[in-house]
Amino acid sequence: MNRIIKFRAKSVTGEIIYFELRDIRGYCGDKEDLMYVFPGVKNGDTFMVDIKTLQQFTGLLDKNGKEIFEGDIFPCLYAFDGCIEHEMIVEYNEPRAGFFPRWDYSKCQQKGVEKTMHDLTNLEIIGNIYENPELLKN
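Our numbering runs 21 ahead of the 1-based position in the sequence shown.
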């Protein structure tokens, strides 16, 4: 298996840090909600990141070749077909053991349509839930 397990998370200073599974160094002492990461991209710097903001790479790219992570926000796939403008958020679905877009069904005319992660590869990421919370209209 050649897939690299990648993550991103918000550091305690507010910047978004990208790192791989091998870069995780452990918890920050008695602070179970913080962890040290050593991505090795900034001259060997070590960062403290908030575990609550940890987002995994899905293995897919959007239409512009940008990596799709858990927490990314996309525009409605069916906005042209009578939907009220809304967004979809990439989330991990535990019962289905995979990443899926979540949206407000009440705003979409496309009842019963199942959106998959593959559908998102034809769209452009417009932000993510930690850097762009203003994009979440609801």
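Heads up, the beta-carbon is just placed ideally off N, CA and C, and yes, glycines get one too.
The structure displayed is predicted, hence computed values, not measured ones.
In the three-state scheme derived from DSSP, where H, G and I count as helix and E and B as strand, I72 is classed as helix. Per the C-alpha coordinates, the member of R24, F68 and K31 positioned closest to I45 is F68. By the neighbour-count criterion, in which a residue is buried when 16 or more other Cβ atoms sit within 10 angstroms of its Cβ, T137 is exposed. DSSP lists E88 as the beta-bridge partner residues of L82. With a 10 Å radius around the Cβ and a threshold of 16 neighbouring Cβ atoms, N149 comes out buried. A direct Cα-Cα distance of roughly 14 Å separates E53 from S32. In the structure shown, the three-state DSSP call for R117 is coil. Rounded to the nearest whole angstrom, the CA to CA distance from E145 to L55 is 31 Å. Distances from the alpha-carbon of R29 to those of D83, N114, G92 and N85 put G92 closest. Per DSSP, the unbroken beta strand (DSSP E) holding D93 starts and ends at D93 to P96. The beta carbon of I38 sits closer than 7 Å to the beta carbons of R29, A30, S32, V58, P60, F68 and V70 from its chain, once the five residues preceding and following it are set aside; these are given in chain order.
When the beta-carbon positions are compared, M109 and F95 come within less than 7 Å of each other.
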